[in-house]
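Student: Numbering (the numbering used here), first residue to last: 1207 to 1590.
1. Which word fits residue 1498, buried or exposed, when buried means at least 16 other C-beta atoms lie within 10 angstroms of its C-beta?
2. Verify whether the separation of the beta carbon atoms of residue 1382 and residue 1450 is less than 8 angstroms.
3. Go ahead and pull the three-state DSSP assignment for residue 1278.
4. Give the range of the alpha helix (DSSP H) segment to which residue 1501 is assigned.
5. Less than 8 angstroms between the C-beta atoms of residue 1286 and residue 1268, yes or no?
6. Which residue marks the beginning of the alpha helix (DSSP H) containing residue 1525, and which one marks its end?
7. For residue 1489, count neighbouring Cβ atoms within 10 angstroms of its own Cβ and tell me buried if that reaches 16, exposed if not.
8. Less than 6 angstroms between C-beta atoms, sequence neighbours within five positions excluded: which residues of the same chain meet that for residue 1567?
9. Alpha carbon to alpha carbon, how far is residue 1406 from residue 1483? Give it in angstroms, no decimals.
10. Ignoring anything shorter than 3 residues, give me the beta strand (DSSP E) runs that lie fully in the region 1403 to 1475, in order along the chain.
11. So, helix, strand or coil for residue 1297, using DSSP?
12. On the DSSP letters alone, give me the boundaries of the alpha helix (DSSP H) that residue 1480 sits inside.
13. Do you know how far the Cα of residue 1308 is from the Cα of residue 1459?
14. How is the alpha helix (DSSP H) around residue 1532 delimited, first residue to last?
15. Is residue 1424 near residue 1454, with beta carbons less than 8 angstroms apart?
16. What are the partner residues of residue 1317, as DSSP defines its beta bridges?
17. Taking three-plus beta-carbon pairs below 8 angstroms as touching, is the region 1499 to 1517 in contact with the region 1462 to 1474?
18. Have a look at residue 1422 and residue 1274 and give me their C-alpha separation to the nearest angstrom.
19. Within 8 angstroms, do at least three Cβ pairs link the region 1381 to 1396 to the region 1519 to 1535?
20. Pull up the distance between the alpha-carbon of residue 1291 and that of residue 1319, whole angstroms please.
21. Out of 1289, 1300, 1296, 1303, which one is the CA nearest neighbour of residue 1312?
22. If you drop the 5 nearest sequence neighbours on each side, which residues of the same chain put their C-beta closer than 8 angstroms to that of residue 1464?
23. According to the neighbour-count rule (16 or more other Cβ atoms, all chains shown, within 10 Å of its Cβ), is residue 1229 buried or exposed?
24. Is DSSP giving residue 1255 helix, strand or coil here?
25. Can you tell me whether residue 1317 is buried or exposed, with buried defined as 16 or more other CB within 10 angstroms of its CB?
26. Mark residue 1302 as exposed unless 16 or more other C-beta atoms lie within 10 angstroms of its C-beta, in which case mark it buried.
Shown next, in the form of structure tokens:
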């Protein structure tokens, strides 16, 4: 209960920081989700993220001031160069961060991000978190810094500074993954995207649980809609990043996905997500019957063993088939409905892909209902 309240307070904090923007799936939020899933200290997560981001931005700011990157030949005989760093502690609401303030040899560089003698600045930490987790444009970042510190950076300069955090995004997509996963979740979520006009586009996303029980976001793709090509690309990437074996794959039932999984991981068992099936049932029956049908359907995946689950399914279909023949026939023909019963009891809950997705994605569906946010196509890869 304490952890639940704690996580809710973090989500509220994120909403306050992002104000009018929906929180996208950035590298920042990916790491945050892992902390939430593992019930780790959220204050420490924010503190370390602030420390990393602020130090990265300070180095990038010096590069912009000098006009060249470290070790760039352009800097030879330029009349000024880097001259090490000095340390300063900076107090934030999440704890003390240790900053390494870079210096130039001529002593002319004064970082705009850190006040000359400041030891604390709540606006600064809010800004850094916002820049780290959202897809604001370079012009917006330039305006933010100018309003806060009276120091103007051109959009081009800000774009150069932002390359530092883009390297972290690239590292996320190229990182090595575990060789074995007990459970792999494949689900498509939708985010608003602007391609001339604003429309929702699919983000096929892969979530994983290791044999030790650790949950993580493994990868994602971007597509106008959920299709075979995007899922095939994502599965290929997961293999290239090192995933060799998966015990159980839970899917949303997208047509063609099961065959692709069999080709990529022939030894993996497959399970249809019960939450997706429940929602499909609810949409096809009368409102007056909906509550009773869904409650009875729950008894199937709450059974103590496979035999009892099979019996509950047969009874459920027999009772409702006279009234909803096509719906029940569709359920009869659904493959991989009870696969999870072949596995230890401890992972039975993984039959609910949507529930697991929401726990890892900071209850994103609730945020969507209260926030509007859309992305430019060229930026979406970096802001997720």
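From the three backbone atoms N, C-alpha and C, an ideal C-beta is built for every residue, glycine too. Predicted model, so just to flag it, every value in this text is computed and none were measured.
Tutor: Considering the structure as presented:
1. That one is exposed.
2. No, Cβ-Cβ distance for residue 1382 and residue 1450 is not below 8 angstroms.
3. Three-state result, residue 1278: coil.
4. Per DSSP, residue 1501 belongs to the alpha helix (DSSP H) from 1493 to 1507.
5. The answer is no: Cβ separation not under 8 angstroms.
6. Unbroken alpha helix (DSSP H) run through residue 1525: 1512 to 1526.
7. Result: exposed.
8. The pLDDT assigned to residue 1567 is 45, lower than 50, so where the model puts this residue is not dependable, and the model offers no usable value.
9. The C-alpha of residue 1483 lies about 22 angstroms from the C-alpha of residue 1406.
10. Whole beta strand (DSSP E) segments, 3+ residues: 1403 to 1415, 1421 to 1426, 1451 to 1457.
11. DSSP places residue 1297 in strand when its eight states are reduced to three.
12. Element bounds for residue 1480: 1480 to 1490.
13. One C-alpha to the other measures close to 53 angstroms.
14. Note, residue 1532: alpha helix (DSSP H), 1531 to 1538.
15. The answer is no: Cβ separation not under 8 angstroms.
16. Paired residues: none, contrary to the question.
17. The region 1499 to 1517 is not in contact with the region 1462 to 1474.
18. Each residue's Cα considered, the two are about 37 angstroms apart.
19. Contact between the region 1519 to 1535 and the region 1381 to 1396 is absent, because fewer than three Cβ pairs lie under 8 angstroms.
20. In this model, residue 1291 and residue 1319 are separated by some 15 angstroms (Cα to Cα).
21. With distances taken between Cα atoms, residue 1312 lies closest to 1289.
22. These residues qualify, in order along the chain: 1457, 1476, 1541, 1542.
23. Low per-residue confidence applies at residue 1229: pLDDT is 36, beneath 50, and the placement is therefore not dependable, though the value from the model is reported in the following sentence. Residue 1229 sits buried, since 16 or more C-beta atoms from the chains shown fall within 10 Å of its C-beta.
24. Reduced to three states, the DSSP call for residue 1255 is helix.
25. The residue in question, residue 1317, is buried, as its Cβ has 16 or more Cβ neighbours within 10 Å.
26. The residue is exposed, with fewer than 16 neighbouring Cβ atoms inside 10 Å.
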